[in-house]
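Colleague: Those protein sequence lines, which keep their order, are chains A and B. Position 19 of the first sequence, counting from 1, maps to 18 under numbering that gives the first Met the number 0, and the rest follow consecutively. Position 227 of the second sequence, counting from 1, maps to 226 under numbering that gives the first Met the number 0, and the rest follow consecutively.
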Amino acid sequence: MMEATWIAVASIVVAGVTMAVGSLAPALGQARALSQALQSIAQQPDEANTLTRTLFVGLAMVESTAIYCFVIALILIFANPFWGGAVGG
Amino acid sequence: MTLSPDAVTLWRVGSVAINATLAFTWLVMVLLTLGAWLVTRGLASQARPALPHTMVEMLVTFVLDQIRDVTEQDPEPYLPFVGTLFVFIAACNVLTIVPGFMPPTASLSTTAALALSVLVAVPAFGVARLGVVGYLQAYLRPTPWMLPFKLVSEASRTLALAVRLFGNIMSGTVIVAILVSIAPLLFPAVMQAFGLLIGVIQAYIFAILAIVYIASGTSVQAGGNRSGNGKGVNE
């Protein structure tokens, strides 16, 4: 039973840390991209369409790292592959 | 709480289990087909087209404009594929507000299938436009040493395409489920309204990325490295 406790503790703590780091870094990156894009749109409103589309594509790219972290955190909590081995025997 | 509509079995025919993903995908397909049939039924050039007709025209024009802007080519050949991707994903995501509906895009199987169809469509369009040799030569440019990197980028961008859509939509439904259990009065509705916005944006992003990949697969880089629209966007 001790083993299962450790796996649970490690999974929960690591899931939290994963979400913390994994949302912090993409948030900083996205904020930077967004502020640059806003600046560019303010300078060249005519190019707003192209800028917005490129911004969306870029944000999607940056965001995918956050999504990877989120999926891993969810797997650790709800579908931990090591949990069944420790509890089921 | 179920993470994926794959785990929900609606009914069972013999040894074949029909899960929620499959059933709701069919439902969306039927709705879209029925809607398209209803709108185009009495199609005639009138001075004042009916309202649904105008709305569908706006959608088609929007998709055509986006494709033309990204590819800088004639958008017509890409319209059926990219437009279908956009409409299907947007319909799946928007129907989330209907109670009892589980979006098929919240299942990794659906999004992986969509991403794989993009993976197949890129060489298909590339070969159709440039020929087999012309398309394959693009892998050896600027030097043959780039070949492994290009192959890895094809694989990783397909994975990213699938996981991005899955993660966004699944996180929306999971967050609503968690909120229903801890603060059931107002917050789930707010998050669901937010989820509508996310859903449409994700459908847009999926379609735009598909066009960007197709554009990079169908364009010839004549001579030097002309940095065109959307090229170099690889993930």
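Just so you know, even glycine gets a beta-carbon here, dropped at the ideal spot from N, CA and C. Just so you know, these numbers come straight off a predicted model, no measurement behind them.
Which class does B:Leu208 belong to by DSSP, given the choice of helix, strand or coil?
Modeller: Along the second sequence, read from residue 1 onward, the residue named residue 208 of chain B stands at position 209. Helix at B:Leu208.
Colleague: Please identify the residue among A:Ser10, A:Ala3, A:Trp5, A:Ala65 whose C-alpha is closest to the C-alpha of A:Leu75.
Modeller: The residue given as residue 75 of chain A occupies position 76 in the first sequence. Closest by alpha carbon: A:Ser10.
Colleague: Which residue wins for smallest C-alpha separation from A:Met18, given the options A:Phe77, A:Ile71, A:Phe81, A:Gly84?
Modeller: Position 19 of the first sequence, counted from the start, is the residue given in the question as residue 18 of chain A. Selected option, being the one with the closest Cα: A:Ile71.
Colleague: Could you tell me the distance, in whole angstroms, from the CA atom of B:Pro4 to the CA atom of B:Pro98?
Modeller: Here residue 4 of chain B refers to the residue found at position 5 of the second sequence. Here residue 98 of chain B refers to the residue found at position 99 of the second sequence. If you take the alpha carbons of B:Pro4 and B:Pro98, they lie about 14 angstroms apart.
Colleague: What does B:Ile17 pair with, by DSSP beta-bridge criteria?
Modeller: Locating residue 17 of chain B in the second sequence gives position 18, where the first residue counts as 1. Answer is B:Trp10, bridged to B:Ile17.
Colleague: Pull out every residue of the segment 16-27 of chain B whose Cβ sits closer than 7 angstroms to any Cβ of chain A, in chain order.
Modeller: none
Colleague: Can you tell me whether DSSP reads B:Glu71 as helix, strand or coil?
Modeller: Within the second sequence, the letter at position 72 stands for residue 71 of chain B. Of the three classes helix, strand and coil, the one that applies to B:Glu71 here is coil, per DSSP.
Colleague: Does the segment 153-162 of chain B come close enough to the segment 64-72 of chain B to have 3 or more Cβ pairs within less than 8 angstroms?
Modeller: Contact fails between the segment 153-162 of chain B and the segment 64-72 of chain B, because fewer than three Cβ pairs, one in each stretch, are under 8 angstroms apart.
Colleague: Short of 7 angstroms Cβ to Cβ, which residues in the segment 154-167 of chain B face chain A?
Modeller: If the cut-off is 7 angstroms between Cβ atoms, the segment 154-167 of chain B has Ala159, Val162, Arg163, Gly166, Asn167 near chain A.
Colleague: Tell me which same chain residues have a C-beta within less than 7 angstroms of the C-beta of B:Asn167, skipping the five on either side of it?
Modeller: For the purposes of this step, residue 167 of chain B is taken as residue 168 along the second sequence, with counting starting at 1. So the list reads Ile197, Gln201, once near-sequence residues are dropped.
Colleague: In whole angstroms, give me the CA-to-CA distance for B:Met57 and B:Ala49.
Modeller: The residue you call residue 57 of chain B lines up with position 58 of the second sequence. The residue you call residue 49 of chain B lines up with position 50 of the second sequence. In a straight line, the C-alpha of B:Met57 is about 13 angstroms away from that of B:Ala49.
Colleague: State the Cα-Cα distance for the pair A:Glu46 and A:Leu33, rounded to the nearest angstrom.
Modeller: Counting from one through the first sequence, the residue named residue 46 of chain A turns up at place 47. Counting from one through the first sequence, the residue named residue 33 of chain A turns up at place 34. Rounded to the nearest angstrom, the two C-alpha atoms are 15 angstroms apart.
Colleague: Taking the Cβ atom as the reference point for each residue, do A:Ile40 and A:Leu50 lie within a distance shorter than 7 angstroms?
Modeller: One-based indexing of the first sequence puts residue 40 of chain A at position 41. One-based indexing of the first sequence puts residue 50 of chain A at position 51. Yes, these two residues count as a Cβ contact at 7 angstroms.
Colleague: Under the three-state reduction of DSSP, which class applies to A:Val56: helix, strand or coil?
Modeller: Within the first sequence, the letter at position 57 stands for residue 56 of chain A. Helix at A:Val56.
Colleague: Are A:Gln29 and A:Val56 close, meaning C-beta to C-beta below 7 angstroms?
Modeller: By 1-based counting over the first sequence, the position of residue 29 of chain A is 30. By 1-based counting over the first sequence, the position of residue 56 of chain A is 57. No, Cβ-Cβ distance for A:Gln29 and A:Val56 is not below 7 angstroms.
Colleague: For the alpha helix (DSSP H) containing B:Tyr134, name the first residue and the last one.
Modeller: Counted from its first residue, the second sequence places residue 134 of chain B at position 135. Residues 107-136.
Colleague: Can A:Ile6 be considered in contact with the ligand HEM, in the sense that its beta carbon sits closer than 6 angstroms to one or more heavy atoms?
Modeller: In the structure shown, the ligand HEM is absent, as is every other ligand, since no ligand is present at all.
Colleague: Within 7 angstroms of any Cβ in chain B, is that where the Cβ of A:Val56 sits?
Modeller: Taking the first residue of the first sequence as 1, we reach residue 56 of chain A at position 57. True, the Cβ-Cβ gap to chain B drops below 7 angstroms.
Colleague: Which value, in whole angstroms, describes the spacing of the CA atoms of A:Leu54 and B:Asp68?
Modeller: Position 55 of the first sequence holds residue 54 of chain A. Position 69 of the second sequence holds residue 68 of chain B. When the Cα atoms are used, A:Leu54 and B:Asp68 turn out to be separated by approximately 15 angstroms.
Colleague: Taking only three categories from DSSP, how would you classify B:Leu185?
Modeller: If you number the second sequence from 1, residue 185 of chain B lands on position 186. Reduced to three states, the DSSP call for B:Leu185 is coil.
Colleague: What are the boundary residues of the alpha helix (DSSP H) that includes B:Ala49?
Modeller: Working through the second sequence from its first residue, we reach residue 49 of chain B at position 50. Neither: B:Ala49 is in no alpha helix (DSSP H) and is coded neither H nor E.
Colleague: Rounded to whole angstroms, what is the Cα-Cα separation between B:Val295 and B:Thr217?
Modeller: Residue 295 of chain B lies beyond the residue range present for chain B, which begins at 0 and ends at 234; the question has no answer from this structure.
Colleague: To the nearest whole angstrom, what separates the beta carbons of B:Leu9 and B:Thr104, a pair I think is in contact under 8 angstroms?
Modeller: Taking the first residue of the second sequence as position 1, residue 9 of chain B is located at position 10. Taking the first residue of the second sequence as position 1, residue 104 of chain B is located at position 105. Not a contact, Cβ separation roughly 17 angstroms.
Colleague: Scan the segment 70-87 of chain A for residues whose Cβ lies nearer than 8 angstroms to a Cβ of chain B and list them as they occur along the chain.
Modeller: So the list reads Val70, Leu73, Phe77, Ala78, given in the order they occur along the chain.
Colleague: So, helix, strand or coil for B:Met28, using DSSP?
Modeller: Here residue 28 of chain B corresponds to residue number 29 of the second sequence, with the count starting at 1. Residue state, collapsed to three classes: helix.
Colleague: So is B:Ile204 in contact with chain A if we call contact Cβ pairs under 7 angstroms?
Modeller: Along the second sequence, one-based indexing puts residue 204 of chain B at 205. Yes, B:Ile204 counts as interfacial toward chain A.
Colleague: Roughly how many angstroms lie between the CA atoms of B:Val93 and B:Val27, to the nearest whole one?
Modeller: Position 94 of the second sequence holds residue 93 of chain B. Position 28 of the second sequence holds residue 27 of chain B. B:Val93 and B:Val27 have their C-alpha atoms roughly 11 angstroms apart.
Colleague: Just reading off the alpha helix (DSSP H) that B:Gly85 is part of, what are its end residues?
Modeller: Your numbering for residue 85 of chain B matches position 86 in the second sequence. Strictly speaking, residue 85 of chain B in this sequence is Phe, with Gly absent from that position. Note, B:Phe85: alpha helix (DSSP H), 78-93.
Colleague: Flag this pair as yes or no: are the beta carbons of A:Ile6 and A:Ala85 separated by less than 7 angstroms?
Modeller: For this step, residue 6 of chain A is matched to residue 7 along the first sequence. For this step, residue 85 of chain A is matched to residue 86 along the first sequence. Yes; because the gap between Cβ atoms is below 7 angstroms, this pair is in contact.
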